[in-house]
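Here's the structure we're looking at; comments come further down.
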Amino acid sequence: MIVTHDLTVIGMIVNASIVVKVVMAILVMASLLSWTYIFMKLFQIRRARRLADDFEREFWSGSDLVGLYQRAANGRYVTVGLERIFEAGFKEFLKLKGRAGSDVTALLEGTRRAMKAAYQRELDALESHLSFLATVGSVSPYIGLFGTVWGIMNAFRGLSNVAQATLAQVAPGIAEALVATAIGLFAAIPAVIAYNRFAHDIDRLAGRYESFIEELSNILQRQSHQTER
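When we follow the UniProt record's numbering, the leftmost residue of the sequence shown carries the number 1, and every step to the right adds one.
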């Protein structure tokens, strides 16, 4: 009697051992979550870049800073990214400027601290879930390899009761085990590519935010000196 094995991908998954199936399920869930975060980060970074372009265009068009702050505070702009950094910094600037006896150095230091705090919050929001993508990219191949090793062990253990082992007897078990490695790579590769891409985009946005903080600080410094004269 000749025993045939279903060597389709679905068949190999169904016929795999319980441990290998658990490994595959973990990898599939990790892959689904990583793809969810990939699309979320893609839209979030595109939105942050678009809003930064819009706000910088308005900011450098010669608008009055007080009027720009009032419009931002009143909800004309979505307070994300540069808008939130500007709003936090200029709010602190106006508050410190209204105090009696405040000097320019303390005024600018307080404004810069407020902008840096807002900058860090924006950066934390942009970097959320990136660590998960990095974890999936680095760990998934090893989880898949564990499933493969376990499956191969089971395949060879099954030969212990066979008088004469042949390749046809061991090949289906090894093929089933190797599916776990394939799923691990399928989960890891997109996560690694997305992580590297998003990290690069976030670094560029962070550079824009830091440059804006320096430029706004210089503008406020000049205005403060002109007010003192």
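Built from N, CA and C at the ideal position, the CB exists for glycine as well. In this text the structure is predicted, and so the values were computed from the model without any measurement.
- Closest in C-alpha terms to E87, from the list V66, R99, K97, comes V66.
- If you ignore the 5 residues before and after L220, its C-beta comes within less than 7 angstroms of the C-beta of F93, L108, T111, all in its own chain and listed in chain order.
- The beta carbon of L96 lies closer than 8 angstroms to those of S102, A106, L107, G110, T111 in the same chain, with the five residues before and after it left out.
- Counting only residues of its own chain and dropping the five nearest sequence neighbours on each side, K116 has a CB closer than 8 angstroms to the CB of I213.
- Going by DSSP, G98 is part of no alpha helix (DSSP H) at all; its letter is neither H nor E.
- Classified as exposed, V14 has fewer than 16 neighbouring CB atoms from the shown chains inside 10 Å of its CB.
- The Cβ atoms of L33 and G184 lie no closer than 7 angstroms to each other.
- Out of R46, R57, A188, E215, the CA that lies nearest to the CA of A134 is found in A188.
- Residues M115, A118, Y119, E122, Y209, F212, I213 of the same chain have their beta carbon placed closer than 7 angstroms to that of I85, with the five preceding and five following residues left out of the count.
- For N74, there is no enclosing alpha helix (DSSP H), as DSSP marks it with neither H nor E.
- Within its own chain, the residues whose Cβ lies closer than 6 angstroms to the Cβ of V104, once the five positions on either side in sequence are excluded, are S224, listed in chain order.
- A direct Cα-Cα distance of roughly 10 angstroms separates K91 from Q70.
- DSSP, read as helix, strand or coil, puts A16 in coil.
- Taken through DSSP and simplified to helix, strand or coil, H129 comes out as coil.
- Beta-carbon to beta-carbon, Y37 and F146 are separated by about 24 angstroms, too far to satisfy the 8 angstroms threshold.
- In this structure, the beta-carbon distance from T148 to A180 falls below 7 angstroms.
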